[in-house]
Every structure is written in structure tokens, then in C-alpha cells.
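Read in order, the letters of the sequence shown are residues 60 to 530 in our numbering.
C-beta atoms are modelled at their ideal positions from N, C-alpha and C, and glycine is treated no differently.
Predicted model, so just to flag it, every value in this text is computed and none were measured.
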Amino acid sequence: MIIKKGYVVTMDEDMRVYRDGAVVFRGDRIVDVGKTEDIMRKHSDDEVIDAKGKMVLPGFVNTHNHLYQTIMRGLSDDGEGMRPEGYRWDIDLLRGLDRDACYASGAMSMVEMIRSGITCTQDSHYINFHRDSINGIAESARDVGLRLVLGRGSWDLQGLAPEELTEDIDTAIKESRNVSKRWHNGDMTKVIYEASLLSQVSDELILETKRAAQEDELGWGMHIQGPLASHKNDPRTGDKSLRRYGGRAMEYLNSLNVLGPNSLLIHCTFTTNREIPILAQTGTPVAHCPCANAWAGRSIVTPVPSMLDMGVTVGLGTDGAMTNNSLDMFHAMNFAALINKVNYGTTKAMTAEKVLNMSTRLAAKALCLDDKVGSLETGKKADIVLVDMKAPGMAPTILPIKNLVYSATSLCVDTVIINGKTVMEGRELRTLDKEKIIEEAEKQTWRLVEGSGHMDRYPDFLKRGKMSYMN
Ligand SMILES: [Zn+2]
60 MIIKKGYVVT
70 MDEDMRVYRD
80 GAVVFRGDRI
90 VDVGKTEDIM
100 RKHSDDEVID
110 AKGKMVLPGF
120 VNTHNHLYQT
130 IMRGLSDDGE
140 GMRPEGYRWD
150 IDLLRGLDRD
160 ACYASGAMSM
170 VEMIRSGITC
180 TQDSHYINFH
190 RDSINGIAES
200 ARDVGLRLVL
210 GRGSWDLQGL
220 APEELTEDID
230 TAIKESRNVS
240 KRWHNGDMTK
250 VIYEASLLSQ
260 VSDELILETK
270 RAAQEDELGW
280 GMHIQGPLAS
290 HKNDPRTGDK
300 SLRRYGGRAM
310 EYLNSLNVLG
320 PNSLLIHCTF
330 TTNREIPILA
340 QTGTPVAHCP
350 CANAWAGRSI
360 VTPVPSMLDM
370 GVTVGLGTDG
380 AMTNNSLDMF
390 HAMNFAALIN
400 KVNYGTTKAM
410 TAEKVLNMST
420 RLAAKALCLD
430 DKVGSLETGK
440 KADIVLVDMK
450 APGMAPTILP
460 IKNLVYSATS
470 LCVDTVIING
480 KTVMEGRELR
490 TLDKEKIIEE
500 AEKQTWRLVE
510 GSGHMDRYPD
520 FLKRGKMSYM
530 N
């Protein structure tokens, strides 16, 4: 298959762009990339997709997500969400998150992600009331055909997590290994082990999950200082983890010897200039979720420009639908560009090209998938997105990468190919039934809300928005 006459943005090592370019793939692999005239001379027999007027990009890689949250979108916003004692969200609502609910939530997430050009996502799954709920997430990705990096998370300290969600270390390792045995295939689904959140896990859990990941030759991950409330005092100095460890988070993790290219650190909002060299020297990647940073209203954003300057691998993520709330990569790209400018007080702090790098090449590297995806290069997997350059938001096309980040929306995405299979064409989803998936997800949402036993709280919650709801 040849995609020809496109504006091909390869995101390869030299950041090559072909104004009239072509990409050739056979099965699930890219076999050639170059100028259309050269490619057509070499591969004249292949089937052709005419991409004239389209930008051809590597599929976006979403470095952080919580797919279980999508069916609960909208329930915890503006500081008005249901927040019974001890946890940000309604724990009784989360108790209903079984395999069916997670499947429905995962499938709805994928409709949204594919329509914004995402071909691969990370997922942190740590709500394990139902041991098999994580299977619902993995099955939804498998059925849709989206590339998945599935993080099985655990926590063993109470605080943010209620007691019934914590696990002892042996259970955490055993369950994580069950997930990797079942789902890790080194191809479309890759499993990583996660110690969920720095201030909610013991040193032993950090060390043991990392050790198990190394033994099983898998990645490892952890949330560091994100939007969730684990830093109730001064967020810069009063962080519980700092008081507990007597040092900055990266210094502490480095002393535990758990950092490295295979250790994904999510958020890192409070990281200081003193700590960034540790990330750079150890090659530890960071998942940057700008919308989630802002959503929490705590006026602090991951210091991404400094991290990039010092050579840290930073991938862009949407985060989950309860702290963002969109799984749309265009939303995340636009916000990443803007908020980093605000944070550094200069328009030069972040560029469209850097943002695109963070949503493709660097994102793939952050998830240790850079041998497979993140750029359009010979030998890589055929995860390819076509964006309509004539769509409102993309034209005029003199500098289309700027438009892609600053003015385009996911409505500009025309075609999405994952692992050589076309999953969306002309904005029509081919491998999934959007209406059915959304209907099922709605059903699961209402089942969870009704099953929580807290329906009485919802009318009260709605009133706080100062609207008059006329039934
Ligand atoms: Zn998260």
C-alpha cells in the first residue's frame, strides 16, 4: 500500500518533512518513505491511497491515561464532584467498576482517541475492586485494534486510597504477573507494573514492583505529584513524600535505584531544577499531562521546557477523563503549547514542533516503543494518520505544523491506520460501532451511579452549578 502525494511529516531522527511525499507499508510494517516521484518509481505495483491535500503523520502516542474513568466523565469537576470521606471520588461508585464497566469505558475511550489520531495509549489501572476489571480494558483495546501499554497499579499505604483498595506486596506482584502473563505479547499489548502514587506506596512496594518488572523484562511506572490531592500543605515544600523521605522525590527515587529508561514517571509537576539532571542522567521518561495539571487549579505545571533543554524524554498525555477531561490529543497538544508559555512567561518556551515531538517520537520513546512507533521510518509499524489540510483550522497550509497544534481540532483527522489496518477512513470508524459503544457506556454509567447508593447526592451536586434543571 502506498500513501502518495501527502505532506509527510516523518518525525524521524532528522525531522524530515516531504512536501510531496509517500509512505509505503506492507502488512503491519512501513517499508519505504520518501518523495512521491522516487517512491512511485520503486513501488509502481502497490495499491495507492492519494493523500493530496493531507498531512501524513505517525499516529499519536498518548503517554498517560486512565481508561476506566471515561464512563465517569463530568462527575468530579469544578471542585464540586462527589467526594465522600477519604477519597477524591465516590468510592462506592468505583466499587461498581467491574469487567463490563471497564470494557464499556475502554471502548468509549477508543472511539474518542482514534477520532483524534491516537493509535497507542498508556493506561494506569489501579482500581482493582474487581480483580478482572483490568481485563475489560485490555479486551476493549484488543477488539478495537488500538496499541496499548497497560499499567497494572497497586498501592499499599492508606491515605488517598481506602483500606479496601490497598494490597499487600505479595498480592500486588502476583496480580501484576497474572496480568502480564495474560496480556503482554510484545506486539499490540504491552504490560508494565506500577507503584501507583509516590505518597501512597511503601518503599518495599516501590522496590518489589520494580524488581518484578526487571525480572519479567517489563517496564515500570509511577505517578509523581500529579493533580490528585496528596500534597495538602504548601505544594512545593510540604509534600508528604518530601517529609517522609527528607529529600526531593527524584533524589529519593534515585537513591532507591529505580530510575531509568524503563521507568515512566507520570506528571512530575513539582520537579525542581535540581532534580531534572537526575532524570536526564538516568534517562528516565516523564509523561506530561498539561490539562490535568491545570484542572487541579494548583498553579503549577511540569517544567517541560527545562526538561527538554536538559535532554529528558517527555511524552504528552491526556490523562483520564476525571482530571482533564478529554482524551483528544489535539486538545492536549494545544494546551501543552499554551500553558508552558504561560508558565515560563515567554512565547518561545514551547513550539508547535516540540509539542508534536512530544506526542509522537518522544512519546513512543517514553513508553519504550520507539523501535516500533512514533515516526514514519522503514521498519516501523504502520501506525499512520492522515489530517485534512483543507479542513477549517488547518488552512492556510503555508506552515501546517503550526496549525496542527494551534488551531486544528480532531475534526481535521481524516484517516487512521493502526498496525497496517485502517480503523478510520473519511472520519468513519471501521472497526467499531460508535453508537452502540456510546449507548452501552451510558448504561454502565447509570448502573454505577445508581449502584453507588448515593443518587441522593447528585441533585445536590447539580444545584451547585447554579443552573435551573427543569425535569
Ligand atoms: Zn494518572
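- Query: Thinking just about the alpha-carbon of each residue, which of 432, 313 and 165 is nearest to the one in residue 379?
  - Reply: The count along the sequence shown starts at 1 and reaches residue 379 at position 320. When each option's Cα is compared against that of residue 379, the closest is 165.
- Run through DSSP, which three-state label would residue 119 get? Taking the sequence shown and counting its residues from 1, the one referred to as residue 119 is at position 60. Strand.
- Task: Return the chain-ordered ranges of every beta strand (DSSP E) run that is complete within the stretch 346-396 and spans a minimum of 3 residues.
- Result: 373-375
- Message: Counting C-beta neighbours from all protein chains within 10 Å, is the total for residue 64 16 or more, i.e. buried, or is it exposed?
- Response: Taking the first residue of the sequence shown as 1, we reach residue 64 at position 5. With 16 or more Cβ atoms within 10 Å of its Cβ, residue 64 is classed as buried.
- Alpha-carbon to alpha-carbon, residue 281 and residue 70: Residue 70 sits at position 11 when you count from the first residue of the sequence shown. Residue 281 sits at position 222 when you count from the first residue of the sequence shown. Between residue 70 and residue 281, the C-alpha separation is close to 28 Å.
- Exposed or buried, what is residue 113 when buried is set at 16 or more other beta-carbons lying within 10 Å of its beta-carbon? Position 54 of the sequence shown holds residue 113. Buried, since its Cβ has 16 or more Cβ neighbours within 10 Å.
- Query: Sorry if obvious, but does the Cβ on residue 379 come closer than 7 Å to a heavy atom of ligand 1?
  - Reply: Locating residue 379 in the sequence shown gives position 320, counting from the first residue. The nearest non-hydrogen atom of ligand 1 is less than 7 Å from the C-beta of residue 379.
- Task: Write down every uninterrupted run of the beta strand (DSSP E) in the stretch 441-480 whose length is 3 residues or greater and which is fully enclosed by it, in chain order.
- Result: 443-447 and 472-477
- Item | Cβ pair residue 124, residue 386 closer than 8 Å | Taking the first residue of the sequence shown as 1, we reach residue 124 at position 65. Taking the first residue of the sequence shown as 1, we reach residue 386 at position 327. The answer is yes: Cβ separation under 8 Å.
- Neighbourhood of residue 297 by C-beta, 6 Å cutoff - its chain only, sequence neighbours within 5 removed: For the purposes of this step, residue 297 is taken as residue 238 along the sequence shown, with counting starting at 1. Summary for residue 297: the model assigns pLDDT 43, below 50, so the residue's position carries little reliability, and this model does not support an answer.
- Under the three-state DSSP convention, the category residue 407 falls into: Mapped onto the sequence shown, residue 407 falls at position 348. Residue 407: helix per DSSP, three-state reduction.
- Mind reading off the beta-carbon distance from residue 11 to residue 503? Whole number of angstroms is fine, and I expect it under 8 Å. A query on residue 11 cannot be resolved here, the shown segment of the chain reaching from 60 to 530 and no further.
- residue 178 and residue 118 closer than 8 Å at C-beta: As a first step, residue 178 is located in the sequence shown; it is residue number 119 there, counting from the start. As a first step, residue 118 is located in the sequence shown; it is residue number 59 there, counting from the start. Yes, Cβ-Cβ distance for residue 178 and residue 118 is below 8 Å.
- Task: Quick one: grab the DSSP three-state call for residue 427.
- Result: Numbered from 1 along the sequence shown, position 368 holds the residue referred to as residue 427. It is coil, neither helix nor strand.
- Item | Burial state of residue 62 (16 or more Cβ within 10 Å) | Translated into positions along the sequence shown, residue 62 becomes position 3. So residue 62 counts as buried.
- Enclosing alpha helix (DSSP H) for residue 335 [first to last residue]: As a position in the sequence shown, residue 335 is number 276, starting the count at 1. Its alpha helix (DSSP H) spans residues 335-341.
- Would you call the CB atoms of residue 203 and residue 181 closer than 8 Å? Residue mapping note: residue 203 aligns to position 144 of the sequence shown, counting from 1. Residue mapping note: residue 181 aligns to position 122 of the sequence shown, counting from 1. No, the pair does not count as a contact, with Cβ atoms beyond the cut-off.
- Message: If I measure Cβ to Cβ from residue 429 and keep anything under 6 Å in the same chain, skipping five residues before and after, which residues do I get?
- Response: Along the sequence shown, read from residue 1 onward, the residue named residue 429 stands at position 370. Excluding residues within five positions, the ones whose Cβ falls inside 6 Å are 423.
- Starting from residue 181, trace the beta strand (DSSP E) both ways and give me its first and last residue. If you number the sequence shown from 1, residue 181 lands on position 122. Its beta strand (DSSP E) spans residues 177-184.
- Query: Start and end of the alpha helix (DSSP H) containing residue 200?
  - Reply: Position 141 of the sequence shown holds residue 200. Its alpha helix (DSSP H) spans residues 192-203.
- Task: Kindly say whether residue 284, judged by its beta-carbon, lies nearer than 8 Å to any beta-carbon of chain C.
- Result: Absent here is chain C; the protein component of the structure consists of one chain.
- Specify the secondary structure class of residue 225 as computed by DSSP and reduced to three states. As a working note, residue 225 is residue 166 in the sequence shown. In this structure, residue 225 counts as coil in the three-state DSSP scheme.
- Query: Would the beta-carbon of residue 247 fall within 8 Å of that of residue 190?
  - Reply: Within the sequence shown, residue 247 is the residue found at index 188, counting from 1. Within the sequence shown, residue 190 is the residue found at index 131, counting from 1. No, these two residues do not count as a Cβ contact at 8 Å.
- Spatial neighbours of residue 77 within its chain, please: CB distance less than 6 Å, with the 5 preceding and 5 following residues excluded, ordered by chain position. Within the sequence shown, numbered from 1, the residue matching residue 77 stands at position 18. Shown here for residue 77: same chain residues with a beta carbon closer than 6 Å to its own, the five before and five after excluded, namely 67 and 94 in chain order.
- Minimum length 4: unbroken alpha helix (DSSP H) runs contained in the stretch 63-114: 95-101
- Item | Anticipated Cβ contact below 8 Å, residue 232 with residue 263, distance rounded | Taking the sequence shown and counting its residues from 1, one reaches residue 232 at position 173. Taking the sequence shown and counting its residues from 1, one reaches residue 263 at position 204. Not really, about 11 Å apart at Cβ, beyond 8 Å.
- Query: Per DSSP, which one or two residues make a beta bridge with residue 208?
  - Reply: Taking the first residue of the sequence shown as 1, we reach residue 208 at position 149. Note: residue 208 sits in a beta bridge opposite 181 and 249.
- Item | Sheet register partners of residue 324 (DSSP bridge) | Taking the first residue of the sequence shown as 1, we reach residue 324 at position 265. 281 and 345, per the DSSP bridge assignment.
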